[in-house]
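Since the structure comes first, as structure tokens, the remarks are kept for the end.
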Amino acid sequence: MTTSTAGARPDEVRRHNRTAVLRRLHVGGPCTRAALATELGLNRSTIKALVDGLASIGLVVEKLPAQRSGAGRPSLLVLPQPHAAVVLAVDVRVEQVAIAMVGIGGEILGRHSWNLHGKARRPDEVLTHIVESSRLLADELSVDMVGVGVSVPGVVRRSDGLVHEAPNLHWTDVPLGDRLSAVFRLPVQVGNDAELGALAEHVRGAARTASDIVYISADVGVGGGVISDGAPLRGAGGYIGEIGHMVVRPDGRACYCGCQGCWETEVGEAALCRAMALPEGSPRGALVAELRSLASHPDSVAHRLGEFMDWLALGLVNVVNMLAPELVVLGDLFTALPAQVVERVSAIVRERSLVSRAVGGTRVVSSPLGRDAKLVGAAELAFEPILDNV
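For the sequence shown, the working numbering gives the first residue as 1, with consecutive numbering after it.
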């Protein structure tokens, strides 16, 4: 249902309704004019005018459904046209950068990635490679970009895309948003990686029907993103999500942030390597393969990951008690955990969290988007201003 437009000028009402229609198609996929009218609370003549207007500028098209059911002529479906509005999504990780061209409606039209080692992690090197690779990909696909969204594993100022600190990349005060905007001459949105993972899960993943969620991401470090009452929780200046630096073990290992016993020292990539008897810094593929191999040896899970499960559950109980989500989504490296681990941790959260019991039992699930979550989130971040200014 659209929000109230009482008192607005006719052109503002039309723009508001046009945005609502396009956003519904972008997020929800193809549907009929009748369904649009019902869902958005608009009359059919208004929907007809809006769809006709969007079709005239190439953003949507109407087609008969591929599969028909029942007698009579089926209703036309309104579909977003992916190539009509394409954004560049960038996921900067500690060891890799992935880019994708994403069309309106969420379709990934093409992608590319490269590994980061040594000097390749320097901001100038990463920026140059992003620009060159995205231009090659756009030419290959014959598309024009209308916006850019970037995911970064660090503390990001949302107003201008300044990366205040990305410790695992050794970045400090990098004006990533301004520099990319100057090169591309397009709107550039930059966000914390876990925040964008939460956005992706809310729009296209496990949390599409949930209003209050926490997304917990494990890579080299651990971060969190929060959706509260259907909207991203961003904090002062846009700085939020450093859940991995919650201290859970005061006498624990030193963390690169300068503290001791942070949650990510007990549940991050290095901790999982220790649990699986692999050297810290082992190739990610080797760690994932070891974790997945446990699925065929369920009796070994408690022995290998028992202490890890305890620390993961402890942190999640604290997070749930503070934020009261209905759903916790585990992303990135956590998606390689055996289902037995996720089920056990979920049960502990329900048992030990006062808030979880109060809300009827917070669920803990693995992300269905896997490693693409932050790339999808970066695309959705880029689309936000595009959809608001149709």
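Ideal Cβ positions, reconstructed from N, Cα and C, are used throughout, including at glycine. In this text the structure is predicted, and so the values were computed from the model without any measurement.
- request: To the nearest angstrom, report how far apart residue 391 and residue 256 are at their CA atoms.
  value: As displayed, the chain neither begins before 1 nor continues past 390, which places residue 391 out of reach and without an answer.
- prompt: The beta strand (DSSP E) spanning residue 309 covers which residue range?
  reply: Taking the first residue of the sequence shown as position 1, residue 309 is located at position 309. Here residue 309 belongs to no beta strand (DSSP E); instead the alpha helix (DSSP H) covers 301–323.
Distance between residue 105 and residue 356 (C-alpha atoms, nearest Å): What you label residue 356 is simply residue 356 of the sequence shown in a count that begins at 1. What you label residue 105 is simply residue 105 of the sequence shown in a count that begins at 1. Cα-Cα distance, rounded: 34 Å.
task: Could you tell me if residue 389 is buried or exposed, where buried requires 16 or more neighbouring beta carbons within 10 angstroms of its beta carbon?
output: On the sequence shown, residue 389 is found 389 positions in, with the first residue counted as 1. By the neighbour-count definition (other C-beta atoms within 10 Å, threshold 16), residue 389 is an exposed residue.
message: I need the straight-line Cα distance from residue 47 to residue 36, nearest angstrom please.
response: What you label residue 47 is simply residue 47 of the sequence shown in a count that begins at 1. What you label residue 36 is simply residue 36 of the sequence shown in a count that begins at 1. Looking at the two C-alpha atoms, the distance is approximately 7 Å.
field: With 16 other Cβ atoms within 10 Å as the buried cut-off, status of residue 235
entry: On the sequence shown, residue 235 is found 235 positions in, with the first residue counted as 1. Taking all protein chains shown into account, residue 235 has fewer than 16 neighbouring C-beta atoms within 10 Å of its C-beta and is therefore exposed.
task: Hey, could you find the ends of the beta strand (DSSP E) residue 354 is sitting in?
output: In the sequence shown, the residue the question calls residue 354 occupies position 354. Residue 354 -> not in any beta strand (DSSP E); alpha helix (DSSP H) instead, spanning 354–358.
task: Identify, in the order they occur along the chain, each residue of the same chain with its Cβ nearer than 8 Å to the Cβ of residue 24, setting aside the five sequence neighbours on each side.
output: Taking the first residue of the sequence shown as 1, we reach residue 24 at position 24. Correct list, in chain order: 31, 36, 39 and 40.
- request: Leaving aside the five residues before and after residue 304 along the sequence, list all residues of the same chain whose C-beta is less than 7 Å from its C-beta, in chain order.
  value: The residue given as residue 304 occupies position 304 in the sequence shown. Closer than 7 Å at Cβ, skipping near neighbours: 275, 276 and 294.
Three-way DSSP call (helix, strand, coil) for residue 164 in this model: On the sequence shown, residue 164 is found 164 positions in, with the first residue counted as 1. In the structure shown, residue 164 sits in a strand (DSSP, three-state: E or B).
- prompt: When DSSP labels each residue in this structure, what does residue 96 get in the three-state scheme?
  reply: On the sequence shown, residue 96 is found 96 positions in, with the first residue counted as 1. Of the three classes helix, strand and coil, the one that applies to residue 96 here is strand, per DSSP.
query: Can the beta-carbon of residue 341 be found closer than 8 Å to that of residue 364?
result: The residue given as residue 341 occupies position 341 in the sequence shown. The residue given as residue 364 occupies position 364 in the sequence shown. Against a cut-off of 8 Å, the Cβ pair of residue 364 and residue 341 comes out as no contact.
message: Contact defined as beta carbons within less than 8 Å: I believe residue 250 pairs with residue 174. What is the distance between those atoms, to the nearest angstrom?
response: As a working note, residue 250 is residue 250 in the sequence shown. As a working note, residue 174 is residue 174 in the sequence shown. In fact, because the Cβ distance is near 32 Å, the residues do not count as touching under 8 Å.
query: What number of angstroms, rounded off, separates the C-alpha of residue 157 from the C-alpha of residue 319?
result: By 1-based counting over the sequence shown, the position of residue 157 is 157. By 1-based counting over the sequence shown, the position of residue 319 is 319. The alpha-carbon atoms of residue 157 and residue 319 are separated by roughly 23 Å.
message: Pop quiz: residue 385 and residue 187 are said to be a contact at Cβ under 8 Å. What is the actual Cβ separation, rounded to whole angstroms?
response: The sequence position of residue 385 within the sequence shown is 385, counting from 1. The sequence position of residue 187 within the sequence shown is 187, counting from 1. Between the beta-carbon of residue 385 and that of residue 187 there is about 5 Å, and that keeps the pair under the 8 Å contact cut.
Of the listed residues 216, 261, 289 and 205, nearest to residue 192 (C-alpha basis): In the sequence shown, the residue the question calls residue 192 occupies position 192. For residue 192, the closest C-alpha among the options 216, 261, 289 and 205 is that of 216.
message: According to DSSP, is residue 279 part of a helix, a strand, or is it coil?
response: Counted from its first residue, the sequence shown places residue 279 at position 279. Looking at residue 279 - three-state DSSP - the assignment turns out to be coil, as it is neither helix nor strand.
field: Strand pairing of residue 215, partner residues [DSSP]
entry: Here residue 215 refers to the residue found at position 215 when the sequence shown is read from its first residue. In the DSSP output, where bridge partners are listed per residue, residue 215 has 225 and 329.
query: With contact counted as at least three CB pairs below 8 Å, one residue from each stretch, are the segment 373–384 and the segment 196–210 in contact?
result: yes
field: According to DSSP, residues forming a beta bridge with residue 263
entry: The residue labelled residue 263 in the question sits at position 263 within the sequence shown. None, per the DSSP bridge assignment.
task: Take residue 63 and list the residues in its own chain whose beta-carbon comes closer than 7 Å to its own, dropping the five residues that flank it on each side.
output: Walking along the sequence shown from the start, residue 63 turns up at place 63. Contacts found: 76, 77 and 79.
message: Between 33, 57 and 339, which has its C-alpha nearest residue 296's C-alpha?
response: Counting from 1 along the sequence shown, the entry for residue 296 is found at position 296. Checked all of 33, 57 and 339; the closest Cα to residue 296 is 339.
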